[in-house]
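This report concerns only the one structure given below.
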Amino acid sequence: MKRSSWKKTTAVLTAGLLLAGAPLAATALVPTAAHAGNPIYSTLQGHYSEGAVKRLASYGVLTSNEWQAFNPDEPVTRADFDRWVQSALHAKPTHLTGGNNIPRWEAAEILEKIRSNATGDNGAANADMFVDHEQIPPEARAAVGRLYKQGIVVGEGYGLFCPNWKLTRGEAAVMLNALLPASQGLQIGADDNVVLRKDNVDLNNDGKAQETLAVVANKNESKPGYLGLFDRNGRLQTRFNLDPEVTRDPVQLLVNDVTGDGKNDLILESDLHGNGGMGAHDLRVFVQGANGTFSSAKVQQPDWAAKFNSITLDTNTLTWNIKSTADNRSWTVQLVGPQWNGFDPSFLQKPYQMNVDNPYSVSVVNGKLTTRHWAWVGHHIMGVFDLVPSYKYVNGAFVVDSYQTEQVPGTKLTQK
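The sequence shown runs -28 to -1, 1 to 388 under mature numbering (1 follows the signal peptide of the UniProt record, and there is no 0).
Below, the structure written as structure tokens:
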């Protein structure tokens, strides 16, 4: 799990929205004339479940009344959940009983039973990846564990699953979306597999959000895949070839204007370690130029070690003194907490040097591309702060425009 909840993970199923998960080989759904291309109303704008709800609406899983006033943070009723499950996954009625709302653990158990029956994948699993796994009823722990392995549930952050929280309408939509066949409606090759997609996006600036952006991997994991731009009929319009490690575990696709020219650009973040944690993530940005064409743009990787070039350690108080002479900023970072009791800093190699990992998270903040990095000195476990640079687009590349430092667990950060 991530050390920080910088990216909002209030949904137990957020990864289902970001990852394609393990879709079922269900009977194909097709967009209906009554729903395809219709707008989603304000209760969903900017919500993490917006893309999932749009996709379910386009296939007629949601009624017009539902998607016009979806209220994604409200608990889903058992009747609605049962109806959505039947419509989206062609499943038999679940015969839900026991109250009007449904807890997260029960929703996971129901959907995992449908998934495993369809795929035959019902191997041994547990929910020990969550610190509150003992709060999950024993009969549901294997289901939660299998859905976690498939990237369909990720938890609340800080290792929590919160099994007894009531499932919200947004969470239910995200989960069902993750279980739909990922290649639904896209014309791809027999050896291709859609691992992440973003539907109902405006890629040609016509004001109609009808295109699809998809990360497509080769079923042979040693072969390259691609990022594909598909029109409203599922036809591939543009492709960018990608290395296998980039298509293996994509985290998210963002469609935002990050160059400031009013045109949507494309951002792909992939987890190179495939563990869902703070390991190295790959970042690709494709900027939109004239006539709706896209091209890859480089993202600057500064020499942070040279920037934070004055580092000392007060061994009595376990306090780092860090200074950047380039911009005359300085910080103190004290190591706090019982984990540092008896710590002997003498093993740390001198001279001390700042190390900044590849980004572990990517976002767009106030129209600017923003990344988040684990910064450490001496040893990887000795994080001093999260380094959060934002970028501006200059001469065909993204260069660091400004940066912030934020406190991480086990430290007390002070900027002088």
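The beta carbon of each residue, even a glycine, is placed where N, CA and C say it ideally should be.
Contact holds between the region 270 to 277 and the region 367 to 386, because three or more Cβ pairs, one in each stretch, are under 8 angstroms apart.
Taking 4 residues as the minimum length, the alpha helix (DSSP H) runs contained wholly in the region 234 to 317 are 276 to 279, in order along the chain. By the Cβ neighbour-count rule, residue 209 is exposed, with fewer than 16 other Cβ atoms within 10 Å of its own.
Contact fails between the region 34 to 49 and the region 99 to 113, because fewer than three Cβ pairs, one in each stretch, are under 8 angstroms apart. Contiguous beta strand (DSSP E) elements confined to the region 145 to 228 occur at 164 to 173, 183 to 190, 197 to 202, 208 to 214, 222 to 228, taking only those with 3 or more residues. A residue is called buried when at least 16 other Cβ atoms come within 10 angstroms of its Cβ; residue 30 meets this threshold and is buried. For residue 230, the secondary structure class from DSSP, reduced to helix, strand or coil, is coil. Between residue 73 and residue 44, the C-beta spacing is not below 8 angstroms.
Between the beta-carbon of residue 190 and that of residue 163 there is about 6 angstroms, and that keeps the pair under the 8 angstroms contact cut.
Residue burial annotation: residue 268 is exposed, with fewer than 16 other C-beta atoms found within 10 angstroms of its C-beta. Non-local C-beta neighbours of residue 340 in its own chain, meaning closer than 6 angstroms and more than five positions away in sequence, comprise 362, ordered along the chain. C-alpha of residue 297 to C-alpha of residue 374: approximately 15 angstroms in a straight line. Inter-residue distance for residue 307 and residue 328 is about 18 angstroms (C-alpha atoms, whole angstroms).
The straight-line gap separating the alpha-carbon atoms of residue 150 and residue 320 is approximately 45 angstroms.
For residue 370, the enclosing beta strand (DSSP E) stretches over residues 369 to 378. Between residue 382 and residue 309 a beta carbon distance of about 5 angstroms is seen, short of the 8 angstroms cut, so the two are scored as contacting. When secondary structure is reduced to three states using DSSP, residue 97 falls in the coil class, being assigned neither helix nor strand. Per DSSP, reduced to three states, the secondary structure at residue 346 is strand.
In terms of Cβ geometry, residue 186 and residue 158 form a close pair [threshold 8 angstroms].
The C-beta distance from residue 90 to residue 112 rounds to 19 angstroms, too long to meet the 8 angstroms contact threshold.
Measuring C-alpha to C-alpha distances from residue 338 to each of 364, 258, 169, 203 identifies 364 as the nearest.
Separation of the CB atoms of residue 142 and residue 21 is rounded to 3 angstroms, and the pair is thereby assigned contact status at 8 angstroms. Apart from the 5 residues on each side of it in sequence, residue 336 sits with its Cβ closer than 8 angstroms to the Cβ of 226, 228, 230, 239, 342 in its chain, given in chain order. Taking C-beta atoms under 8 angstroms as the contact rule, residue 84 and residue 119 qualify, at a distance of about 5 angstroms. Boundaries of the alpha helix (DSSP H) around residue 26: 22 to 30.
Residue state for residue 121 is assigned as helix, using DSSP reduced to three classes. Judged by DSSP secondary structure, residue 358 falls outside any alpha helix (DSSP H) and instead within the beta strand (DSSP E) spanning 355 to 366.
In this structure, the alpha-carbon of residue 152 lies about 19 angstroms from that of residue 76. Taking 8 angstroms as the cut-off, the Cβ atoms of residue 183 and residue 204 count as close. Between residue 99 and residue 116, the CB-CB gap stays under 8 angstroms.
Leaving aside the five residues that flank residue 256 on each side, the residues in its chain whose CB is nearer than 6 angstroms to its CB run, in chain order, 240. In this structure residue 350 is not in contact with residue 380, their Cβ atoms being roughly 15 angstroms apart against a cut-off of 8 angstroms.
Scanning 170, 51, 219, 295 for the CA closest to the CA of residue 195 turns up 219.
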